[in-house]
Amino acid sequence: IGILVGPRGRGSNMAALARACAEGRLDADVKRVVAASAEAPALGVAREMGLPTAVVAPGEHYTEELLGAFAGCDVLCLAGFLRLIPDAVLHSFPKGVLNIHPSLLPKFGGKGMYGLRVHKAVLEAGELESGCTVHLVTSEYDEGPVVLQKRCPVEPGDTPETLAARVLKLEHQAFPEAVAMVLRGR
Ligand code: GRF
């Protein structure tokens, strides 16, 4: 599997995927972790875990460079990556491209819906539950068939931060499970 992280990504989902591979819960290897910036905190985490890393910044040869960095990968995982993926990249992974989002899509998704904004919107809407979604990536933000969702309650007194922490725990379980499902052809 290949993993693409965002320029400010912490890399906790990347680390959860790598741990699942190392512990045999996910029958896969992380071939490469790619960030859009050398400053991405996730790259340091990846290197500490002994994972191969690369920096591919959007530019003239973005598509070719991404394809080169992930050559041989069956599935690409977007872990905190906030941009749309070029079509040629979307279609080059035999098992597809997966994204994780910290809400129960189709609710609270779309361009600009990331980080604490998602959880703030969930609280403002008075939702009684939230959760996370792993879905196949298309050329639209947060669209595409859902592979797996995990749910948790919204608790009285929740802040965006407390809800984000509850959902993040679910994300770390959901992403490896969803990748395993997709690799098994489900
Ligand atoms: C996660 O909340 C994920 O759902 C969203 O971006 C965040 C990335 O966090 N797409 P991390 O870098 O994996 O800790």
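Add 4 to a position in the sequence shown, counting from 1, and you land on the number used in UniProt numbering.
For each residue, glycine too, the CB sits at the ideal point set by N, CA and C.
Would the beta-carbon of residue i be found less than 6 angstroms away from any heavy atom of ligand 1?
{"i": "Gly-6", "result": "no"}
{"i": "Glu-175", "result": "yes"}
{"i": "His-105", "result": "yes"}
{"i": "Gly-84", "result": "yes"}
{"i": "Gly-15", "result": "yes"}
Going by DSSP, name the residue or residues bridged to residue i.
{"i": "Val-101", "result": "Leu-80"}
{"i": "Ile-5", "result": "DSSP lists no partner for Ile-5."}
{"i": "Leu-152", "result": "Val-138"}
{"i": "Val-38", "result": "Leu-8 and Ala-58"}
{"i": "Ala-157", "result": "For the record, residue 157 in the displayed sequence is Pro; it is not Ala. Looking at the DSSP assignment, Pro-157 forms a beta bridge with Glu-133."}
Determine the DSSP secondary structure at residue i, reduced to helix, strand or coil.
{"i": "residue 1", "result": "Outside the shown range of the chain, which is 5 to 190, sits residue 1, and nothing can be said about it."}
{"i": "Ser-134", "result": "strand"}
{"i": "Leu-127", "result": "helix"}
{"i": "Ala-57", "result": "Inspection of the sequence shows that residue 57 is occupied by Thr rather than by Ala. In the structure shown, Thr-57 sits in a strand (DSSP, three-state: E or B)."}
{"i": "Leu-120", "result": "helix"}
{"i": "Pro-180", "result": "helix"}
{"i": "Ala-91", "result": "At residue 91 the sequence reads Asp, which differs from the Ala that was named. Helix at Asp-91."}
{"i": "Arg-188", "result": "coil"}
{"i": "Glu-27", "result": "coil"}
{"i": "Gly-63", "result": "coil"}
{"i": "Glu-144", "result": "coil"}
{"i": "Gly-15", "result": "coil"}
{"i": "Leu-108", "result": "coil"}
{"i": "Ala-32", "result": "coil"}
{"i": "Gly-114", "result": "coil"}
{"i": "Glu-69", "result": "helix"}
{"i": "Leu-86", "result": "coil"}
{"i": "Glu-43", "result": "coil"}
{"i": "Thr-166", "result": "helix"}
Specify whether the region 73-81 and the region 29-38 touch according to this definition: at least 3 beta carbon pairs, one from each stretch, less than 8 angstroms apart. yes
The region 118-132 touching the region 165-184, judged by at least three CB pairs closer than 8 angstroms: yes
Does the contact criterion of 3 or more C-beta pairs under 8 angstroms hold for the region 128-138 versus the region 88-100? no
contact_flag[the region 5-15, the region 38-52] where n(CB pairs < 8 angstroms) is 3 or more: yes
At least 3 beta-carbon pairs within less than 8 angstroms: the region 78-89 vs the region 16-30: yes
Quick check: the region 106-118 against the region 141-150, are there 3 or more CB pairs under 8 angstroms? yes
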